[in-house]
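Engineer: Structure incoming, see below.
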Amino acid sequence: MTERIQRPRPQRTRPDRNPAEMLRAGSPGGRGNADPVSRSVGLGYQIVEQYLEQGRAFAAGAATGAPLPGANMMADLTSRMIRTTADLFEVWFQMMDVSGSARAMQNERNGTAPYAAAAAPQAAGAAPYAGGVSAAAPSPASAAPTGTGVPSVASTAVAVQVTSSRPATVLVDLRPVAAGAGLVAHALRNTDERIPRITDVAIAPSVDGGPVTVRIALAAELPPGVYNGMVIDEATSLPVGTISVRLEGEAASPA
Amino acid sequence: MSAHDRIKVAVIGGGCAAMSAAFELTRPELGGRFEVTVYQMGWRLGGKGASGRGPSGRIEEHGLHIWMGWYENAFRLMRDAYGELGRAPSQPLATWQDAFSPMERLGVVDRVGDDQWAIWTAVLPPMDGQPGDPLPEGQPWSVAHYITRSVQLLVALFQTLQDSDSSPNTASITAAQPASTDTLSRMLRYGELATLAGMIQGISVIGGLMQASSPVPQTLALEFLDAIAANARQLLEARLADDIMLRRIWQIIDVTVATLRGMLRFNLAADPRGFDAIDDYECRQWLRMNGASDSSLDSGYIRALYDLAFCYEDGDPQRPSMSAGQALRGTLRMFFTYRGAFFWRMNAGMGDVVFAPLYEVLIRRGVRFEFFHVLRNVRLGSDGSPHVEALELDVQARTRDGSAYRPLVDVQGLPCWPSRPDLSQLDGDGLGEHWEQLESWSATPVAARKELRVSRDFDFVVLGVGLGAIPQVCSELLAADPKWKAMTQNVKTVATQAFQLWLADDMRAWGWTGGPVALSGFVEPFDTWADMSHLLPREAWAEPAPQSIAYFCNVLSERQVRENSHDIVRTNAVQFLEQSIRHLWPQAGPAGQFPWQRLAPPGPSGATGRSRFDTQFWRANTEPTDRYVLSVPGSSRFRISPLDRTYDNLTIAGDWTACGFHAGCVEAAVMSGRVAAHALCGLPRLEDIIGFDHP
Amino acid sequence: MNEELQIVPAVLEEYGAVTRKALREYLTPKAPRRYLYDLINDYPSRGGRMLRPSLCLATARAYGAPLAYAIHAAVALELIHNAFLVHDDVEDESLERRGRPTLPAMHGVALSVNVGDALAVTALRALLDSRGVLGHRLAGRVVEETERMMRESIEGQAMDLGWRQDNLTGLDERDYLDMVFRKTCWYTTIYPSRVGALVGGRDSETLDGFVRYGFFLGAAFQIQDDLLNLLGDHDAYGKELSGDLWEGKRTLMVIELLRASEGEERQRVAAILARPRSARSRQDVAWLRRCMDEHGCIEYARSVAHAMAGAAIHEASKIYGGLAPSRDKEFLEALPRWVLARA
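Written out as structure tokens, the structure is:
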């Protein structure tokens, strides 16, 4: 009897639905370009999901007598989740540019910028969960969180000064092009239309390469919550950034 | 390479998937490694995409086929085929650009009252490039990317809201373009647009907050999305009741917000399963879970999406059923990744445009075609690792001189498939009466039986038959392998019905002034209509020639899948024309008085009244291989991949396999064929099968 | 500590007390006291945060179950935890546990192993007793969960010990997380959550979400623990260096150091790790520590711990998001942050 010809063994047997195709060329075992945060979370999900999948396969196998999935599943999964969190970063960066030009967005996507910029808040020592600078009023706080991923442009330094009787977290995002421009801030609004806006917001432009200063005064009667507003470049009327305030504590009664 | 070394591949079936596999396996760069034989039931290739030329050279299709601008693999295949075919420029359909034309206008129909319908047509702008072009650097299809695009769409929709007053009947969905910053800042400056500005702020601020990667802002993002939806509703509510245009835009905003919300809530950007993570949810249910309102879910826009993919279980209009994961994958690709045009129409029958060129190219490459061969049983080997030992086939007919059957005919200089077999080539006299049964599984004539044996007649098998036929031809596989059994039980199919009209006058005379269109979401039993008048020059009519052509299609209820389905479809069509078509074509007479005399018969006909419909063309697609493959919730995991190597000499191809895109369409079929080829020879690389790794 | 995290120590104290009280009933000294029952009581009486039993009780309560439903599992878990500690100390040749000499250091390996066994058997007793409250079926499910948890933990411990024994230096972060998943997370966080949900009436629900939450929470916990081990001593004693480094434990910082170092430096790192504990000098350990600083290994581990906690918060929102507000729910949601905040 002649030897039958058999199909080659496939390297993988299913789609690799990891949304982050771009980095797959990177070394699968190494750290690649991804930052430790996304990498570790990705690895973590891999391990858990693979474990759960094995459990299900085992349960199904116990019923049907089918063999357990092979060990190559490990290798198969390894490349998948590495950039999950970084991907999220990318989304938010691109969302930031919704009002900007599509061209700029394209450029960003082609570079490694989103990851570098995403790591910036950490480097600046920002609290990991507030995602910004916690300014325990009334003492003024300053920091330089940045909002865009254009690698060749230095981050816009921002100083934030908050006047408030209660704790507040302030997050300022400014595109680097905004560094020297005449900026105006819109009133910060809550999603609830009935709540008064924060109107006392001023932006002082950078002087001699110093930081752009954002001054915000929070009235004692304001209810706790999140208030957001846009920063507009006066010359072009284009939005160049956002300000977000998270106000804690109870509002003082008007009396 | 000597003939002895070549690997013999039996390709079963001649539809898109099987042809795609044959095409890949015989690419010149493989140096003739594979010796491919295609076994096809009846006299023509094409499967569900087969078409034929009937009287007056008219094109008779299985159903309505429109290609979409994101069919990257399918267009690549056709572009390669036309390139290799190298027709002279003077020949009809010489190039793929001649064969396919962009179609920009699509329509949906909204129910606005009892027996009242409002039509909404829109033009989707042409996008960069052509389908099948090399993809730009970097894989653009991440969930992240789609979130961004959805946000852009939202902004664009708000912009449309502003501009909508001036154009009550048509709206340009500028889905693919980022909002103009001018408009944005204009809106921001006007005090009365504060709420709109607030929404856009909200969208941007989400971006700012989420940069920090912390999960806390995700809830904020969701809060914002809720606020945007609530604000938009507030802004529009007063005017929604009497302004249908506003209502439509609101509905799309509502669904888009729900989609965004769902993508964030279900963390789809980080899920290694991609959209399969929500495969268990029914699409409408999932959207409802994420805040979409019932009125939006019953909008023409959503119903059109269901109609496009025939998403009705058992063909029952009351049971729309589509996997949320696949629906999202399909919709996002459809709206956000098309190139050239949103829709592409074929400039002849699908058989002529797709399968005749493929047939000619494959013949040149040395592929053998065995027409009139029906697979009856896939026999498994009993020794060694699991494999296919033999293929048992019925030979329906033989040629008189034993040479290969020549299937094509010439219509206006174009090689085409005929609607009937060429009996003059065939042996046996009994066929004349029963030629139609050559495409019937249950009633086909049998001239002989044939057994193909492993190693002797084939080394590998590409099983490319339709899913409906699998239980019959793979009973051994089903009995031996729970995976196969589960697949046939869980991946559903549905019967379909279609009819075509040749009309004596142009569409304006019927009251349709909206230009050539493909339109969905209409009343049952035929919810989809396409104006196909562009095909007239390809047909061979004597004067007076018809002035327009209309195709209709829909699912066919399981209750109507019977012996006499053909008659039932006729009844459905007649009733539809008498009762419903007037909503689309106001000049088609009052209810019950369809102007039958304005139908154009292919040749002299004295038929009047309803019986004149019999001169037109209609089909009930109820044969197992005719049935359309659905994407019901929770079924993805039961699909089997062409890469599955449980049987070491078998692979599968079809839009029912786990080919990366789990819905019935040309693109899925072509993808599956490419994956099947990869399973046999490692080429094309999976990375080059566009969309295989799509989330 | 952040105000919203104050709930964690408060709940730990409350549920810790409940657990200790129930625990005492199973640890009543009897003969042979000197060689067994006095020793059994030693580790449980040394205190501890009672994180595991509290997590179990809080989860059950968050799902609306009375404490009585979960107390047996909580006690069993604490007993198993102590059994693991005893055996760990034997396996690691550790000298100190919670500021006092370890059992093997005081009583020798043989008696200590036996004490560990006795603690595990007592845990089994507690689980059997839960039948009275839970009924046979549910109690049986809890026993299944316990068997699985112990198996996972033992497998994880085997990986850890094996790596050290064979001095594997090609390990990557994935291997590390896999080991932590089994060795730490399963019994520290996954099991308590799953059992809490189980007795809280959630047998019908899939318990997969708790594996995710538990894994990320446990991983954050373990990495932070290892960081504290590395840095805490340093701060407290100025010169005294990490016990983990002395033991050659494969922490994330060590794995990162192995990854980041090259050439001669890497060889020296590997060589030091390969030595038996007794052959590692103070100089070796100090050098390792310095290398870690140079390569940013500590910062790296810290950011990974934060990422893990972030993922845990996300997973918590998925599984607990639908529950009615309660103190227990707040506790569960605050845990990931607290894990990082604790010193």
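For the protein sequence lines, the chains are A, B and C, in the order given. All residue numbers for the first sequence refer to this note's numbering, where the first residue is 24 and numbers rise by one. All residue numbers for the second sequence refer to this note's numbering, where the first residue is 194 and numbers rise by one. All residue numbers for the third sequence refer to this note's numbering, where the first residue is -5 and numbers rise by one. Where a beta carbon is used, it is the ideal one built from N, C-alpha and C, also for glycine. Note that this is a predicted model, so its numbers are computed, not measured.
(1) Evaluate V115 of chain C with the Cβ neighbour count: other Cβ atoms within 10 Å of its Cβ, from every protein chain shown; 16 or more gives buried, anything less gives exposed.
(2) So is L656 of chain B buried or exposed if we call it buried at 16+ other beta carbons inside 10 Å?
(3) Run down chain A in chain order and give the residues with a C-beta less than 8 Å from the C-beta of G853 of chain B.
(4) Would you say L171 of chain C reaches chain A, if we count a Cβ-Cβ gap shorter than 7 Å as a contact?
(5) Which residues in chain A have a C-beta closer than 9 Å to the C-beta of T844 of chain B? List them in chain order.
(6) Compare the C-beta of D652 of chain B against all C-beta atoms of chain A and say whether one is closer than 7 Å.
(7) So what does DSSP say about R94 of chain C, is it helix, strand or coil?
(8) Is R27 of chain A close to chain B, meaning its C-beta is less than 7 Å from at least one C-beta of that chain?
(9) Pick helix, strand or coil for D667 of chain B, following the three-state DSSP scheme.
(10) Check each candidate in B:G544, B:L555, B:V658 and name the one with the smallest Cα separation from M234 of chain B.
(11) Determine the chain C residues that contact G67 of chain A at a beta-carbon separation under 7 Å, and present them in chain order.
(12) One question on the structure: do V231 of chain B and F562 of chain B come within less than 7 Å of each other, judged by their Cβ atoms?
(13) From B:P285, B:G245, B:R199, pick the residue whose C-alpha is nearest to that of Q605 of chain B; which is it?
(14) So, does the CB of L206 of chain A fall closer than 7 Å to a CB anywhere in chain C?
(15) Using the DSSP secondary-structure output, state which residues sit across from Q693 of chain B in a beta bridge.
(16) Is the separation between the beta-carbon of L246 of chain C and that of A305 of chain C shorter than 7 Å?
(17) If you follow the beta strand (DSSP E) that C609 of chain B is in, where does it begin and where does it stop?
(18) Using beta-carbon positions only, say whether A688 of chain B and V767 of chain B come within less than 7 Å of one another.
(19) Three-state secondary structure (DSSP) at S516 of chain B?
(20) Say whether chain B places a C-beta atom closer than 7 Å to the C-beta of P234 of chain A.
(21) Against chain B, does P33 of chain A count as a neighbour if the rule is that its beta carbon must be under 7 Å from one of theirs?
(22) Between T13 of chain C and A68 of chain C, is the Cβ-Cβ spacing less than 7 Å?
(23) Would a C-beta distance cut-off of 7 Å place Q792 of chain B and R805 of chain B closer than the cut-off?
(24) I need the DSSP call for N76 of chain C, collapsed to helix, strand or coil.
(25) Flag I70 of chain A as yes if its beta-carbon sits less than 7 Å from any beta-carbon of chain C, otherwise no.
(26) Go ahead and label L329 of chain C buried or exposed: buried means 16 or more other beta carbons lie within 10 angstroms of its beta carbon, across all protein chains shown.
(27) Who are the neighbours of V205 of chain C on chain A, taking C-beta pairs under 8 Å?
(28) Tell me, please, whether the CB atom of R867 of chain B is closer than 7 Å to any CB atom in chain A?
(29) Going by alpha carbons, who is nearest to I217 of chain C out of C:R253, C:F175, C:S187?
(30) In chain A, which residues lie less than 8 Å from F831 of chain B when you measure between Cβ atoms?
(31) Could you check the C-alpha separation between V842 of chain B and V639 of chain B for me, to the nearest Å?
(32) Would you call the CB atoms of P324 of chain B and E277 of chain B closer than 7 Å?
(33) Relative to the C-alpha of R32 of chain A, which residue among B:V450, B:W722, B:T844, B:Q693 is closest?
(34) Quick check: the Cα distance between D464 of chain B and R878 of chain B, rounded to an integer number of angstroms?
(35) Quick one: is K177 of chain C buried, meaning 16 or more other Cβ sit within 10 Å of its Cβ, or exposed?
(36) Thinking R251 of chain B and W695 of chain B are a contact (beta carbons under 8 Å), I'd like their distance in whole angstroms, please.
Structural biologist: Working from what's here:
(1) In the third sequence, the residue the question calls residue 115 of chain C occupies position 121. When all chains shown are included, V115 of chain C counts as exposed.
(2) Counted from its first residue, the second sequence places residue 656 of chain B at position 463. It counts as buried.
(3) Taking the first residue of the second sequence as 1, we reach residue 853 of chain B at position 660. Here the neighbours are P38.
(4) Start at 1 with the first residue of the third sequence, and residue 171 of chain C comes out as number 177. For L171 of chain C, the answer is yes, since a Cβ of chain A falls inside 7 Å of its Cβ.
(5) The residue you call residue 844 of chain B lines up with position 651 of the second sequence. Per Cβ cutoff of 9 Å: R30.
(6) Locating residue 652 of chain B in the second sequence gives position 459, counting from the first residue. Chain A contact via Cβ: present.
(7) Within the third sequence, numbered from 1, the residue matching residue 94 of chain C stands at position 100. Strand at R94 of chain C.
(8) Working through the first sequence from its first residue, we reach residue 27 of chain A at position 4. Chain B contact via Cβ: present.
(9) Position 474 of the second sequence, counting from 1, holds the residue named residue 667 of chain B. A small fix is needed here, since residue 667 of chain B is Cys in this sequence, not Asp. Looking at C667 of chain B - three-state DSSP - the assignment turns out to be coil, as it is neither helix nor strand.
(10) As a first step, residue 234 of chain B must be located in the second sequence, where it is residue number 41. Taking only the C-alpha atoms, the option nearest M234 of chain B is B:V658.
(11) Position 44 of the first sequence, counted from the start, is the residue given in the question as residue 67 of chain A. Residues of chain C passing the Cβ test: L171, F209, F210, A213, M302, A305.
(12) For the purposes of this step, residue 231 of chain B is taken as the residue at position 38 of the second sequence. For the purposes of this step, residue 562 of chain B is taken as the residue at position 369 of the second sequence. In this structure, F562 of chain B lies closer than 7 Å to V231 of chain B by Cβ.
(13) As a position in the second sequence, residue 605 of chain B is number 412, starting the count at 1. Of B:P285, B:G245, B:R199, the residue nearest in Cα terms is B:P285.
(14) Within the first sequence, the letter at position 183 stands for residue 206 of chain A. So, not an interface residue.
(15) Position 500 of the second sequence, counting from 1, holds the residue named residue 693 of chain B. Bridge partners of Q693 of chain B: B:Y744, B:F810.
(16) Within the third sequence, numbered from 1, the residue matching residue 246 of chain C stands at position 252. Within the third sequence, numbered from 1, the residue matching residue 305 of chain C stands at position 311. Not in contact: L246 of chain C and A305 of chain C (Cβ atoms no closer than 7 Å).
(17) In the second sequence, counting from the first residue as 1, residue 609 of chain B sits at position 416. From DSSP, the beta strand (DSSP E) with C609 of chain B extends over 607 to 609.
(18) Position 495 of the second sequence, counting from 1, holds the residue named residue 688 of chain B. Position 574 of the second sequence, counting from 1, holds the residue named residue 767 of chain B. Not in contact: A688 of chain B and V767 of chain B (Cβ atoms no closer than 7 Å).
(19) Taking the first residue of the second sequence as position 1, residue 516 of chain B is located at position 323. Of the three classes helix, strand and coil, the one that applies to S516 of chain B here is strand, per DSSP.
(20) As a first step, residue 234 of chain A must be located in the first sequence, where it is residue number 211. It does not; no Cβ of chain B falls within 7 Å.
(21) Counting from 1 along the first sequence, the entry for residue 33 of chain A is found at position 10. Judged by the 7 Å Cβ criterion, P33 of chain A is in contact with chain B.
(22) As a working mapping, residue 13 of chain C is identified with position 19 in the third sequence. As a working mapping, residue 68 of chain C is identified with position 74 in the third sequence. Cβ atoms of T13 of chain C and A68 of chain C: closer than 7 Å.
(23) As a working mapping, residue 792 of chain B is identified with position 599 in the second sequence. As a working mapping, residue 805 of chain B is identified with position 612 in the second sequence. The sequence as given places Leu at residue 792 of chain B; Gln does not occur at that position. Their beta carbons are under 7 Å apart, which means L792 of chain B touches R805 of chain B by this criterion.
(24) Within the third sequence, residue 76 of chain C is the residue found at index 82, counting from 1. Helix, per DSSP.
(25) Taking the first sequence and counting its residues from 1, the one referred to as residue 70 of chain A is at position 47. It does; some Cβ of chain C falls within 7 Å.
(26) Residue mapping note: residue 329 of chain C aligns to position 335 of the third sequence, counting from 1. Label assigned to L329 of chain C: buried.
(27) For the purposes of this step, residue 205 of chain C is taken as the residue at position 211 of the third sequence. In chain order: V71, Y74, L75.
(28) On the second sequence, residue 867 of chain B is found 674 positions in, with the first residue counted as 1. By this cut-off, R867 of chain B is not an interface position.
(29) In the third sequence, the residue the question calls residue 217 of chain C occupies position 223. When each option's Cα is compared against that of I217 of chain C, the closest is C:F175.
(30) For the purposes of this step, residue 831 of chain B is taken as the residue at position 638 of the second sequence. Within chain A, no residue comes near F831 of chain B; the closest Cβ sits about 12 Å away, beyond 8 Å.
(31) For the purposes of this step, residue 842 of chain B is taken as the residue at position 649 of the second sequence. For the purposes of this step, residue 639 of chain B is taken as the residue at position 446 of the second sequence. In the sequence as displayed, the identity of residue 842 of chain B is Asn instead of Val. Taking the straight line from one Cα to the other gives about 28 Å.
(32) Numbered from 1 along the second sequence, position 131 holds the residue referred to as residue 324 of chain B. Numbered from 1 along the second sequence, position 84 holds the residue referred to as residue 277 of chain B. Their beta carbons are not under 7 Å apart, which means P324 of chain B does not touch E277 of chain B by this criterion.
(33) Walking along the first sequence from the start, residue 32 of chain A turns up at place 9. The option with the nearest alpha carbon to R32 of chain A is B:T844.
(34) Mapped onto the second sequence, residue 464 of chain B falls at position 271. Mapped onto the second sequence, residue 878 of chain B falls at position 685. In a straight line, the C-alpha of D464 of chain B is about 24 Å away from that of R878 of chain B.
(35) By one-based count along the third sequence, residue 177 of chain C stands at place 183. Burial call: buried.
(36) The residue labelled residue 251 of chain B in the question sits at position 58 within the second sequence. The residue labelled residue 695 of chain B in the question sits at position 502 within the second sequence. The Cβ separation is near 7 Å, so the contact holds.
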